[in-house]
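Each remark here refers to the structure printed beneath this line.
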Amino acid sequence: MYSDALKDEEEQRRNASRLGFQIYHDKVDSIRIVGERHSGTTFLARYLQSCFPNISVDDHFVNGKHWFQPSPEYVVETSNRIGESGLAATAMNDYFHDKTWWQIAQADDPSSYFQSTLVVALFRNPYDWIEGMRRIPHHWPNHVDLIPKDKSTLAEVDYQKNKRQRQRHQRRLLRRKLKGSIVQKSFVKATSLDWKEFVKRPMHLSDYEEKDKGILCQRGFPFEMVSPCDPDHSYVPASIRHIPSSFLRNLAFEVDDAVYELNISGHPFKNPLELRSAKITNMLNLANDWNLGAFGAIQYDEILGERLTELVQKIGSIVGLENTCSSKNSTFQKIPYNHSRSFRSWVREHADWNVEARVGF
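Using this note's numbering, you'd call the opening residue of the sequence shown number 1406 and step up by one each time.
Written out as structure tokens, the structure is:
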């Protein structure tokens, strides 16, 4: 009786979901992959590139694969604003993922720019997604503890405070680089947070001095949609701000390129799951906002093990090509996480299950 009830509940969720592929045009000759961090986007993009080498396979849409995707109207309006400001085209990468924004804005019908593109959106279950972000919180400096590695680091920092000595040190680094030995060393240690601490950390940067509200922020975000607004990607967390920049190379998890996306009202999300719900909705709406060639909403499990073969066959039928997948690196396996009862309870309480149901969870 209990197992039958669970099956009925799962069937209801799948019936309400947007999982699977929708084909809108006969000609599909490119693929774009999107999805939140820790959803398998990097693996799938690389694998499909090997399977379909004669078509374009990219892990971004308008913005990079992980971020909120704008509407065609916003792309046109924003591109025009940048153009009117007199910004050189070579400077656009400070704001956008690549030149796609400009190409869309200049198209006869911007909303149809992707009319021959299959967009594949990947979604991981909320329990494993939160745990993945806790372990590796890409672009979230609030959500990891960063400290100098040891006392010797502090001694080096004190040494570098002397300007003349710092200049000599920089010259030595340059000589090593010219000899072919590039110094890529960070003197900062990253420590994951306990899950209870992780989920309550603020989803914005409060210690950042924002720039002019009139400017466009990184990746084309308007000022009220991202924290911090930093086209220069130069954020340094307060806990390590006393360390000279030469010792802050390769900071873990891209924390110097901080990106906390804000909600539609310009306020921080209450927790990571609230952001997740908004991101799911945004990605599912791509087929409504844009005239796509095809759209697929795929669960993370679809790329695990033998199910990947079936997925690639479906994609091959959409793009009209036989796949040339190599048996090498053809499986994507992940060791399951062990979640505590209290963690699972927190996720059940805070997830928006109406939104989760749209992707089969």
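Each residue gets a CB set at the ideal place from its N, CA and C atoms; glycine is no exception.
Bridge partners of F1592 according to DSSP: none are assigned. Ranking V1481, F1528, D1513 and Y1479 by CA distance to the CA of A1683 puts F1528 first.
Contact between L1523 and I1720 holds: CB atoms are separated by about 7 Å, below the 8 Å threshold. The Cβ neighbour count for D1514, taken over all protein chains shown within 10 Å, is under 16; the residue is labelled exposed.
For the pair of segments examined, the segment 1535–1550 was found to touch the segment 1592–1608: the number of CB pairs separated by less than 8 Å reaches three. Judged by DSSP secondary structure, V1604 falls within the alpha helix (DSSP H) whose first and last residues are W1600 to K1605. In the DSSP assignment, the residues bridged to Y1665 are S1632. Comparing alpha carbon positions, the residue from I1509, A1657 and C1456 closest to L1726 is C1456. Annotation for L1551: the continuous beta strand (DSSP E) segment containing it runs D1550 to P1553. The continuous stretches of alpha helix (DSSP H) do not include R1437, which lies in the beta strand (DSSP E) extending over residues S1435 to G1440.
For V1764, there is no enclosing beta strand (DSSP E), as DSSP marks it with neither H nor E. Boundaries of the beta strand (DSSP E) around I1703: A1699 to Q1704. Collapsing the DSSP output to three states places A1526 in a strand.
In terms of Cβ geometry, T1483 and D1464 do not form a close pair [threshold 8 Å]. Apart from the 5 residues on each side of it in sequence, L1598 sits with its Cβ closer than 8 Å to the Cβ of R1539, H1548, V1549, D1550 and R1606 in its chain, given in chain order. Rounded to the nearest whole angstrom, the C-alpha separation of S1731 and T1714 is 11 Å. For the 8 Å CB-CB criterion, A1756 and P1531 form a contact. Going by C-alpha positions, I1535 is about 11 Å away from K1601. Distances from the alpha-carbon of Y1640 to those of E1629, F1658, G1625 and M1630 put F1658 closest.
Per DSSP, reduced to three states, the secondary structure at D1533 is helical. In the pairwise beta carbon analysis, the segment 1627–1638 is classified as touching the segment 1667–1677: at least three pairs are separated by under 8 Å.
Counting the other CB atoms within 10 Å of its CB gives K1432 a total below 16, which places it among the exposed residues.
The alpha-carbon separation between R1624 and K1470 amounts to approximately 11 Å.
By the Cβ neighbour-count rule, P1475 is buried, with 16 or more other Cβ atoms within 10 Å of its own.
Straight-line spacing of the CA atoms in I1509 and R1486 works out to 14 Å.
Pairing F1519 with I1723 gives a Cβ-Cβ distance that is not under 8 Å.
Boundaries for V1641: no alpha helix (DSSP H) harbours it, and the DSSP string shows neither H nor E there.
Inter-residue distance for V1593 and I1552 is about 6 Å (C-alpha atoms, whole angstroms). Setting aside the 5 residues that flank it on each side, F1737 is surrounded in the same chain by G1445, F1448, I1708, L1709 and L1713, each with a C-beta closer than 7 Å to its C-beta; the list follows chain order. Counting along the chain, I1428 sits inside the beta strand (DSSP E) bounded by residues G1425 to I1428. DSSP places D1463 inside the beta strand (DSSP E), whose first and last residues are S1461 to D1463.
DSSP places L1453 within a helical segment (H, G or I) once states are collapsed to three. The Cβ-Cβ distance between Y1429 and A1699 falls below 8 Å.
When secondary structure is reduced to three states using DSSP, L1691 falls in the helix class. Y1742 counts as exposed, since fewer than 16 other beta carbons sit within 10 angstroms of its beta carbon. Between S1516 and D1434, the gap from beta carbon to beta carbon reaches 8 Å or more.
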